[in-house]
Every structure is written in C-alpha cells, then in structure tokens.
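The next block holds one structure in the form of structure tokens; read it before the comments.
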Amino acid sequence: MPVNVKGRHFLTLKDFTPEEITYLLNLSRDLKNKKRAGIKGNLLEGKNIVLLFEKTSTRTRCAFEAAAFDEGAQVTFLTNSQMGKKESIEDTAIVLGRYYDGIEFRGFAQETIDELAKYAGVPVWNGLTDMYHPTQVLADLLTVQEHVAKPLNQVKFVYVGDARNNMGNSLMIGCAKMGMHFVAVAPKSLHPSEDLVKEMRALAATTGATIELTDDVKAGVKDADVIYTDVWVSMGEEAQFEERIKMLTPYRVNMEMIQATGNPDVKFLHCLPSFHDTKTEVGMEIYKKYGITEMEVTDEVFRSRHSVVFDEAENRLHTIKAVMVATIGNV
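Each residue of the sequence shown is one higher than the one before, counting from 0 in numbering that gives the first Met the number 0.
Written as structure tokens, this is what we have:
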C-alpha cells in the first residue's frame, strides 16, 4: 500500500512504521538531490509555519527555516510567547493552529508537545524534548544509509555515553524500528529506562532488530559499523559536569575505541554540538575547572576520516524538509 502521512504529528518515531520511516528517508534523499541540482521547490508554497523554542539551537532552527524557505513556506520564530506563563498550552495551541499550517516545538517536557499536538488541529513536529529527538534520528539514519555499504537491517549501531538521554532513547527506537543491531554502551546507571528497553525489545522481535545494553566498552563496540556519542551533560543538567566527567571518561570515543571495533571503515556520528576541543566558552571553562581538553570524543576522532558529523548535520535540513513536505506539503 502507498504511504501517506499527510496531517500527522511527528512527536516520536514510535508513532511510525518501518515503511513510513523508509518513505521519509527516501523523500529526504529526493529533496536533497533536488536542492543540489538547484531546482527551486514549491511543495510548501502558501504554508505558514511557526517554530516554538524553549531551548537554544543552531541546527534545528536553521534546518527548519532553510527547509521551509527552500519549498516556499513562511516562518515565524517564536521564543517570547506567553505559553505556560499567561496563557495555557491548550489555549496557545488552539490559537497557533488557527494561524499556522504546522507547529515545531523544541523544549524540555515531552508533555508540552503532546498537549500542543492534542489541541493544535494542525501537525506538530518535535524539534527536541528531554525524552525524544526524532528529527535528529531521521538525519542519522539517512547518514548511515549514505556512508555504510549495508542495508540498515544489517548495521551494528553502537551508542556510547549517556544512554538514557533523548538521543539514547531515540536512537534505540529508530534502530528497533528499522531492524538494526543497537548496542548502548554506558554505565549501568545511565542505561535507558527499563520500560523503554522492554518496549523496544518487544518491537525488535517483530522487526528483526537486536537491542543490547552493556557497560563493557570493548565487547560493546566490537564489529560496530557506527559509533555514536553525545554530550555528557544535557541542557539543564550543567550542575552535573563533575559527576559525569568522572563517570563517563572511560566511555570517551578515542582512536583506541575506533580500532577496537575491528572495522577499518567504522563511521563516527555525533548530533552536535561537541566538546572535542577548548574552542568554546564552555569547553574552556571545563578545561580550567577540571583540566581536560576533550569530553565525549577526542579531537583526533572528530576530525578523522571516520567522522561524518558534518554530512550528518547537513542531513538535518533534508530530513526535516521531508517531514514538513510529507505532513503539510502540496503533494
């Protein structure tokens, strides 16, 4: 049967079938090729989109705006709304749904975007919450397809670090959906929630995926096709830097870990931003306070031939465009 996700929310990949995710990836590839060919798009012509941001952003905001402009939409970037202050989420959602054809939200609580979706009457897209980051995972899957010479269901995908954050959760969901071999390599206290792991293992039984959790770095990364990591401290958790540095230093992605995969073609992915040097205010603060120049990944790996992080970052644009076109586009 043909896939149709018109009018759907994009809150978590849990809500989409493998066939629907494949459709979005294929559409992303088509839109990427069209942009590179210099073909002007009109698939969002006449559409108005609002971006609601509680958390700061580089890639998410720029990708949504550029993707919308590429296909002819108009965009409002909103960080100073009264939502949750003088106006309820419900009332805000109803009002914005009257003005706009689609609403993007990037913020803290998953409950906020769930409530927006409940009342907006138009598609709502998750640009990141504390629980999920589905647009990032679409970009990650497209990047794996482009750089690993295997179908997704033959890929061993290893996530190293804080595996109970939004990226750990979302990558496990994406891999389970697409029949992949997912391994979370992390201290046991930073493994994903038992409930989510149980749910994804049940899903994996239907898709052919494998879900593994371990705190053993060498065993976990062996034969990996992809090594993925994220920052050790998420937005809003800055007070935990000292604890996380002590806990996660053995899980830093370095060249020794890359070599331990036994795969000379293993790829390194990171959702960015990354603390791979001291060329940021935060990176320099951490160096002055704790004496380290790198956190979740070494500069050597980040800049190595294994790293495809900037191709991955570019793919945010194409996959976000696909989500908008598929759900509100003139197709």
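Ideal placement from N, C-alpha and C gives every residue a C-beta, glycine not left out. These numbers were taken from a predicted model, which means no experiment stands behind them.
**Request:** Have a look at residue 133 and residue 17 and give me their C-alpha separation to the nearest angstrom.
**Result:** 14 angstroms
**Bridge-paired residues (DSSP) for residue 182** = 157 and 211
**Request:** Compare the beta carbon distance of residue 225 and residue 265 with 8 angstroms and say whether it is the shorter of the two.
**Result:** yes
**Message:** At a cut-off of 7 angstroms, would you count residue 307 as near the ligand SAM, judging by its Cβ distance to the nearest heavy atom?
**Reply:** You won't find the ligand SAM in this model; it holds no ligand whatsoever.
**Asked** Do residue 96 and residue 62 have their C-beta atoms within less than 8 angstroms of each other?
**Response** no
**Item:** residue 166 to residue 270 span [Cα, whole Å]
**Value:** 8 angstroms
**Request:** Could you pull out every residue in the same chain whose Cβ sits closer than 6 angstroms to the Cβ of residue 109, ignoring the five residues on either side in sequence?
**Result:** 128 and 130
**Request:** Please determine, among 294, 122, 144 and 60, the residue with the shortest C-alpha to C-alpha distance to residue 105.
**Result:** 60
**Prompt:** Cα separation between residue 116 and residue 291?
**Reply:** 42 angstroms
**Prompt:** Could you give the distance in angstroms between the alpha-carbon of residue 333 and the alpha-carbon of residue 255?
**Reply:** No answer is possible for residue 333: it lies beyond the span of the chain, which begins at 0 and ends at 330.
**Message:** Measuring only the C-alpha atoms, how far is residue 50 from residue 218?
**Reply:** 42 angstroms
**Request:** Give, in chain order, every unbroken run of the beta strand (DSSP E) that is at least 3 residues long and sits entirely within the stretch 26-81.
**Result:** 47-52 and 73-77
**Message:** Can you find the residues in the same chain that come closer than 6 angstroms, C-beta to C-beta, to residue 103, ignoring five residues on each side of it along the sequence?
**Reply:** 50, 63, 124 and 126
**residue 123 - containing alpha helix (DSSP H), residue span** = Unbroken run through residue 123 is the beta strand (DSSP E), 123-127; no alpha helix (DSSP H).
**Request:** Indicate whether residue 69 and residue 40 have their beta-carbon atoms separated by less than 8 angstroms.
**Result:** yes
**Request:** Could you pull out every residue in the same chain whose Cβ sits closer than 6 angstroms to the Cβ of residue 212, ignoring the five residues on either side in sequence?
**Result:** 183 and 190
**Request:** Would you list, in sequence order, the uninterrupted alpha helix (DSSP H) runs of no fewer than 4 residues that lie entirely inside the stretch 255-298?
**Result:** 280-289
**Asked** In three-state terms, what does DSSP make of residue 228?
**Response** strand
**Item:** residue 306, DSSP secondary structure in three states
**Value:** strand
**Message:** Within 8 angstroms, do at least three Cβ pairs link the stretch 27-37 to the stretch 2-18?
**Reply:** no
**Item:** Cross-strand partners of residue 167 (DSSP beta bridge)
**Value:** Residue 167 is not bridged to any residue.
**Request:** Would you check if the stretch 238-253 and the stretch 282-297 touch, i.e. whether three or more CB-CB distances between them fall below 8 angstroms?
**Result:** yes
**Asked** By Cβ distance below 7 angstroms, which residues in the same chain neighbour residue 321 in space, the five residues on each side in sequence not counted?
**Response** 23, 26, 27 and 30
**Request:** Report all residues from its chain with a CB closer than 6 angstroms to the CB of residue 317; omit the five preceding and five following residues, and keep chain order.
**Result:** 27, 30 and 31
**Request:** Could you have a look at residue 330 and say whether DSSP puts it in helix, strand or coil?
**Result:** coil
**Message:** For residue 331 and residue 222, which I take to be in contact (beta-carbon distance under 8 angstroms), what is that distance rounded to the nearest angstrom?
**Reply:** Nothing about residue 331 can be read from this structure; the chain reaches only from 0 to 330.
**Proximity below 8 angstroms, CB of residue 232 to CB of residue 243** = yes
**Asked** Excluding sequence positions up to five away, which residues of its chain have a Cβ less than 8 angstroms from the Cβ of residue 112?
**Response** 10, 104, 106, 123, 125 and 128
**Request:** Go through its chain and collect everything with a Cβ distance to residue 149's Cβ below 6 angstroms, but skip five positions before and after it.
**Result:** none
**Item:** Terminal residues of the alpha helix (DSSP H) in which residue 240 lies
**Value:** 240-247
**Message:** Can you tell me whether residue 251 is helix, strand or coil according to DSSP?
**Reply:** coil
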